[in-house]
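Below you'll find the structure, written out as structure tokens, and then a few comments.
Number of protein chains: 2
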Amino acid sequence: MAFKIGLLGLGTVGAGTAQILLDRASRHPLLQEIEIHSIGVRSLSKSRPVQLADELLTTDLEAIVNDPAVDIVVEVLGGLEPARSLILKAIANGKHVVTANKAVIARYGDEIYTAANSAGVYVMLEAAVGGGIPIIQPLKQYLGVNRIHAVTGIVNGTTNYILTRMQTEKGEFGDILADAQKLGYAEADPTADVDGLDAGDKIAILASLAFGGRIKLQEVYCEGIRKVSAADIAYADKLGFVIKLLAIAKLQQPATDNSPEALEVRVNPTFVPKTHPLASINGVYNAILVEGEPLGQVMFFGPGAGAGATASAVVADIMNIAAVLKSNNNATTLHPLLSCSHQHYCAIAPIEDVVTRFYARFLTKDRPGVIGKLGTCFGNHNVSLESIVQIGFQDSLAEIVVVTHDVREGNFRKALDEIRSLDAIDSIPSILRVL
Amino acid sequence: MAFKIGLLGLGTVGAGTAQILLDRASRHPLLQEIEIHSIGVRSLSKSRPVQLADELLTTDLEAIVNDPAVDIVVEVLGGLEPARSLILKAIANGKHVVTANKAVIARYGDEIYTAANSAGVYVMLEAAVGGGIPIIQPLKQYLGVNRIHAVTGIVNGTTNYILTRMQTEKGEFGDILADAQKLGYAEADPTADVDGLDAGDKIAILASLAFGGRIKLQEVYCEGIRKVSAADIAYADKLGFVIKLLAIAKLQQPATDNSPEALEVRVNPTFVPKTHPLASINGVYNAILVEGEPLGQVMFFGPGAGAGATASAVVADIMNIAAVLKSNNNATTLHPLLSCSHQHYCAIAPIEDVVTRFYARFLTKDRPGVIGKLGTCFGNHNVSLESIVQIGFQDSLAEIVVVTHDVREGNFRKALDEIRSLDAIDSIPSILRVL
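Top to bottom, those sequences are chains A and B. Using UniProt numbering, the letters of the first sequence correspond one by one to residues 1 to 435. Using UniProt numbering, the letters of the second sequence correspond one by one to residues 1 to 435.
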């Protein structure tokens, strides 16, 4: 019995996937039973990095998801449409689906998994988060015996590359972004990466798996790295931190015993203590830290993107579906750890209710008593400070850095509003959360 | 339908396992269908960290593996016997087995898996390596689509704790071992840990999974950390390295196109470049780095021991068996990624054939020409040097440090034999491999 693959897309990841499936020696023996049946492409004439028989290729993607011979549809087109529609059609036709498409799953996961469950098929997405790092299946199959407290990840390689270079070269965001674009590490339109939206899609998916409920993507707070400056990175360094774009999903400590449980799900540049396992993840690498009871902390590290790494995850998903079908061909019940049965939506805390530490940098007129006034404003709003230090001058302005204890974000923002109205305040160039 | 667990052993890991299974709220819903049926203990009167109904406990371990009501036997006794016999009896009685016992699996894995395959049952061992880190199942289910080149791990927490403290405190092995024993980080008889035998069991298991064949444990080369000195750690630091006890399973580069493929499987203290992902794994933590094509490098990091972490892995295995049985109750075929079908034994290269870099420290009489003589001896045996430096004096002896390029270990040893016969040589206090 051979499992027949319909591959939608032959870009970087598609070509990498085909390459593994066409060169199966010395890989898992189960791959011998998996074969590429057809590949949907935009243009038949384009040259490819992988040798393929002409008759495998077609521009008719609909035909692939409707082809009764195809067992598993592998969607590596990227983008929302036609990816979403093709996935739904494949499911309606009783085909299993493997996708690397975090954008589609984060937005249409509920629709897709509802359809998959009623059709009795699997939708696998290991490649959607963390590239080649096995993180989706460990969360689904292993870590769930724990009470998960938090999932914290560096899940966007482009921004981690930019922040790493800003740190090493003491450069500014704009210059390094431009260079990263030249070198192919950032896209011509870098919005999805640098504004944290890609990381937002990914943490929505991880949060859903870790906390066992659906996540409304519009409730995920996303803040990117455009405002991070060389000055902040230098101060972070002095204080014993590095700045990383973290994607965080965390169960809140209830304020009282009767408070409802809520999740924080957010993406923001963060001061990370240098001793923290995520602090040393540099360049385009990704890492995901999972914390739970009784396990403690485990971290998964590896290449977050790239043809080979992502294809490794895609083919692993194909192999897992093949394995279940092989041992379980007549079953009417889906394997409970490979399928997704979430029904309810997780309650996501508004960003104002998040409790975290903050770092903020102020430029103020150099007058006596400014530090006292800042302290008073923070006190007025219940914001407890760890330190408030004048660190120097910039032009004729005094530069003051504040680090808070854990505070409610809403209170911190109100304090900032009051501070902005002070005569002595010129500006607040940086506000960053501290892990 | 509930799955009934017979738990053999109620020590640290057993109690941790029971604790999870008795307190299932906010964990994976599948755990609701798993219940403890009986627990085998040595003494009924001992006080336990976990509250258990008296009628669950028995001192008759045989009765548990023979009890028709038990679906899954969980062996957390440790040690070779009666663990091995009880596992084999459970299998013969058609029960699935979850074990945390690296020693039994590394020694009797062939016997146990042959029996399991013929009885049509699963033997799961996530907890046997890396404590709470999911590494066994990612290797079995995900990473195998790659051509694995190497698995390199810090898999023994005790030795990593000792080496980390030797590095931080500039202390000697004996003193820190004694203190670690006082603090409970090392056992009264530390042999299995400090001589690398525990790590040897674990790398044998990882090698078997990564390279798809059985491993003869007696072919695994094990060298411990007793000879590592504060002086070596200091020189390593100067040269840009830290010293770690690494467990390594690596496909050798064939010397010629016709050379047979062979595996290196070994445990030895190693110079690890400070920039390497394993260099920053400190204290009792474990980490396993897997390298393959096309994936590149992925690393798994977490607590390598402890009641909670290990129990997390044990319960995850139980849940995986339950999931397969639930979706697949009448199947006659084992799930190919959860079972183990290795038949052949991997060819393990003798340690003399390993190709690696070396660091060696010599004490020599302070005579002109000693460095030249050392160089000549190495040259005589085809050992190419990266550096040879006199770094100082110790008493009236000159201290010379040599770092080689990649060399065949057999050649290096022959060169050392010749060097030992030189008049000018007092001793060779340290010989360490370099990653």
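Heads up, the beta-carbon is just placed ideally off N, CA and C, and yes, glycines get one too. No experiment lies behind these values; they were computed from the predicted model shown.
Pairwise C-alpha distance: residue j and residue i
{"i": "A:Arg357", "j": "A:Val228", "result": "17 Å"}
{"i": "A:Ala2", "j": "B:Lys170", "result": "60 Å"}
{"i": "A:Pro368", "j": "A:Ile176", "result": "38 Å"}
{"i": "A:Ser396", "j": "A:Leu363", "result": "9 Å"}
{"i": "B:Gly16", "j": "B:Pro49", "result": "9 Å"}
{"i": "B:Asp353", "j": "B:His405", "result": "15 Å"}
{"i": "A:Lys373", "j": "A:Lys414", "result": "15 Å"}
{"i": "A:Ile5", "j": "A:Asn66", "result": "13 Å"}
{"i": "A:Ala115", "j": "B:Leu245", "result": "50 Å"}
{"i": "B:Arg84", "j": "B:Val104", "result": "6 Å"}
{"i": "A:Gln390", "j": "A:Gly200", "result": "35 Å"}
{"i": "B:Pro269", "j": "A:Lys250", "result": "38 Å"}
{"i": "B:His37", "j": "B:Pro68", "result": "11 Å"}
{"i": "A:Asn282", "j": "B:Tyr285", "result": "21 Å"}
{"i": "A:Glu55", "j": "A:Ala323", "result": "28 Å"}
{"i": "A:Gly109", "j": "B:Val13", "result": "38 Å"}
{"i": "B:Ala53", "j": "A:Leu435", "result": "43 Å"}
Residue i vs residue j beta-carbon contact at 7 Å
{"i": "A:Ala27", "j": "B:Val145", "result": "Looking at the sequence shown, residue 27 of chain A is not Ala but Arg. Going by C-beta atoms, A:Arg27 is nearer than 7 Å to B:Val145."}
{"i": "B:Arg214", "j": "B:His96", "result": "no"}
{"i": "A:Gly302", "j": "A:Ile133", "result": "yes"}
{"i": "A:Pro294", "j": "B:Gly308", "result": "yes"}
{"i": "B:Phe211", "j": "B:Ala236", "result": "no"}
{"i": "A:Met166", "j": "A:Ile87", "result": "no"}
{"i": "A:Val70", "j": "A:Leu57", "result": "no"}
{"i": "B:Ile39", "j": "B:Leu7", "result": "yes"}
{"i": "B:Ile225", "j": "B:Thr159", "result": "yes"}
{"i": "A:Ala311", "j": "A:Ile20", "result": "yes"}
{"i": "A:Arg24", "j": "A:Leu31", "result": "yes"}
{"i": "B:Tyr122", "j": "B:Ile321", "result": "yes"}
{"i": "B:Lys326", "j": "A:Pro336", "result": "yes"}
{"i": "B:Ile34", "j": "B:Ile318", "result": "yes"}
{"i": "residue 436 of chain A", "j": "A:Leu217", "result": "Since the first residue of chain A shown is 1 and the last is 435, residue 436 of chain A is not available in this structure."}
{"i": "A:Ala230", "j": "A:Glu172", "result": "yes"}
{"i": "residue 478 of chain B", "j": "B:Ala347", "result": "This structure gives no information on residue 478 of chain B, because the portion of chain B shown stretches from 1 to 435."}
{"i": "B:Arg408", "j": "B:Val355", "result": "yes"}
{"i": "A:Leu139", "j": "A:Leu209", "result": "yes"}
{"i": "A:Ala127", "j": "A:Val314", "result": "yes"}
{"i": "B:Tyr345", "j": "B:Leu432", "result": "no"}
Under the three-state DSSP convention, the category residue i falls into
{"i": "A:Ser427", "result": "strand"}
{"i": "B:Arg48", "result": "coil"}
{"i": "A:Val298", "result": "strand"}
{"i": "B:Ile321", "result": "helix"}
{"i": "A:Arg84", "result": "helix"}
{"i": "B:Gln390", "result": "strand"}
{"i": "A:Ala349", "result": "coil"}
{"i": "B:Leu289", "result": "strand"}
{"i": "A:Gly109", "result": "helix"}
{"i": "A:Ile215", "result": "coil"}
{"i": "B:Ile162", "result": "helix"}
{"i": "A:Lys102", "result": "helix"}
{"i": "A:Thr275", "result": "coil"}
{"i": "A:Ser312", "result": "helix"}
{"i": "A:Lys170", "result": "coil"}
{"i": "A:Leu422", "result": "coil"}
{"i": "A:Leu7", "result": "strand"}
Counterpart residues of residue i in DSSP-defined beta bridges
{"i": "A:Cys222", "result": "A:Val267"}
{"i": "B:His96", "result": "B:Ile72"}
{"i": "A:Gln32", "result": "Note: A:Gln32 sits in no beta bridge, so no partner."}
{"i": "B:Gly399", "result": "The amino acid occupying residue 399 of chain B in the given sequence is Glu; Gly does not appear at that position. The partner list for B:Glu399 (beta bridge, DSSP) reads B:Leu363, B:Gly392."}
{"i": "A:Leu334", "result": "In DSSP, A:Leu334 forms no bridge with anything."}
{"i": "A:Val407", "result": "A:Thr356"}
{"i": "B:Ile248", "result": "B:Thr152, B:Arg266"}
{"i": "B:Pro303", "result": "B:Tyr285"}
{"i": "B:Val434", "result": "B:Phe271, B:Arg357"}
CB contact check: residue i to chain E, cutoff 7 Å
{"i": "B:Leu7", "result": "Absent from the structure: chain E. Protein chains present are A and B."}
State whether the region 172-191 of chain B contacts the region 73-90 of chain B, with contact taken as three or more CB pairs (one from each stretch) at a distance under 8 Å. no
Segment contact flag, the region 150-168 of chain B with the region 279-289 of chain B, C-beta cutoff 8 Å, min 3 pairs: yes
Check whether the region 85-102 of chain A and the region 56-75 of chain A touch, using three or more Cβ-Cβ pairs below 8 Å as the test. yes
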